[in-house]
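Be aware that the sequence shown starts at 125, since it is given in the numbering used here, and climbs by one per residue.
From the three backbone atoms N, C-alpha and C, an ideal C-beta is built for every residue, glycine too.
Predicted model, so just to flag it, every value in this text is computed and none were measured.
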Amino acid sequence: WWWQPMMGSCPQTREHLAILELLGIKRLVVALTKIDLVDKEWQGLIEEQIRDFLRDTAFADAPLVSVSSRTGENVDVLIGLLDELSAVRSDKEIDPPLRMPIDRVFSLSGIGTVVTGTLWSGTIEVDQTVEVLPGRLRPL
Numbered sequence: 125w126w127w128q129p130m131m132g133s134c135p136q137t138r139e140h141l142a143i144l145e146l147l148g149i150k151r152l153v154v155a156l157t158k159i160d161l162v163d164k165e166w167q168g169l170i171e172e173q174i175r176d177f178l179r180d181t182a183f184a185d186a187p188l189v190s191v192s193s194r195t196g197e198n199v200d201v202l203i204g205l206l207d208e209l210s211a212v213r214s215d216k217e218i219d220p221p222l223r224m225p226i227d228r229v230f231s232l233s234g235i236g237t238v239v240t241g242t243l244w245s246g247t248i249e250v251d252q253t254v255e256v257l258p259g260r261l262r263p264l
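Shown next, in the form of structure tokens:
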């Protein structure tokens with residue numbers, strides 16, 4: 125999640141934060157970008173605004189790092205925080221159930237029926253038994 129010095133808190137920022145909370149996201153790194161455009165005093169005021177903005181949310185204790193892609197200031201710190209965050213195991217299901225809408229079905233002589241689809245989630249392996257839903261569909 126990011127915050128630019130010249131933009132501050134806009135409706136879209138609040139909406140994005142609400143979406144993160146609705147999705148059950150528990151960990152967040154806040155990046156205050158383009159800090160090369162403001163002096164240190166202004167930067168400090170903006171950091172206070174961000175902390176106030178996050179105070180009553182699930183992200184009140186989220187790390188805040190001020191960065192400049194132009195000068196490279198604190199980019200290494202941001203990368204380090206993101207690395208730490210990605211190393212923490214999520215409570216979410218790691219291997220979601222197989223979901224593969226069927227795109228087409230055809231027969232090959234000597235092979236049998238071939239089903240193709242687009243894998244939306246999960247994994248599938250050779251010789252794995254799968255359940256095809258819904259059952260009892262008839263052609264029109």
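Let me check one thing: in DSSP terms, what residues is residue i bridge-paired to?
| i | result |
| --- | --- |
| V322 | Summary: the structure shown does not reach residue 322, with the chain confined to residues 125 through 264, and so no result is reported for it. |
| R223 | S245 |
Where does residue i sit, in a helix, a strand or coil, going by DSSP?
| i | result |
| --- | --- |
| R213 | coil |
| D175 | At residue 175 the sequence reads Arg, which differs from the Asp that was named. It is helical. |
| R194 | coil |
| D207 | helix |
| K164 | helix |
| T137 | helix |
| V256 | coil |
| A142 | helix |
Here's a check: name, in chain order, each residue in its chain whose Cβ is nearer than 6 Å to the Cβ of residue i, leaving out the five neighbours to either side.
| i | result |
| --- | --- |
| W244 | R223 |
| T240 | D227 and R228 |
Out of curiosity, what's the CA-to-CA distance linking residue i and residue j?
| i | j | result |
| --- | --- | --- |
| E197 | S190 | 8 Å |
| E172 | R213 | 30 Å |
| I149 | T137 | 16 Å |
| V238 | R151 | 43 Å |
| G204 | A155 | 12 Å |
In its own chain, which residues sit with a C-beta less than 7 Å from the C-beta of residue i, not counting the 5 before and 5 after it?
| i | result |
| --- | --- |
| G246 | D219, P220, P221, L222 and R223 |
Taking 8 Å as the limit between beta carbons, can you name the residues of its chain near residue i, skipping five residues before and five after?
| i | result |
| --- | --- |
| E139 | none |
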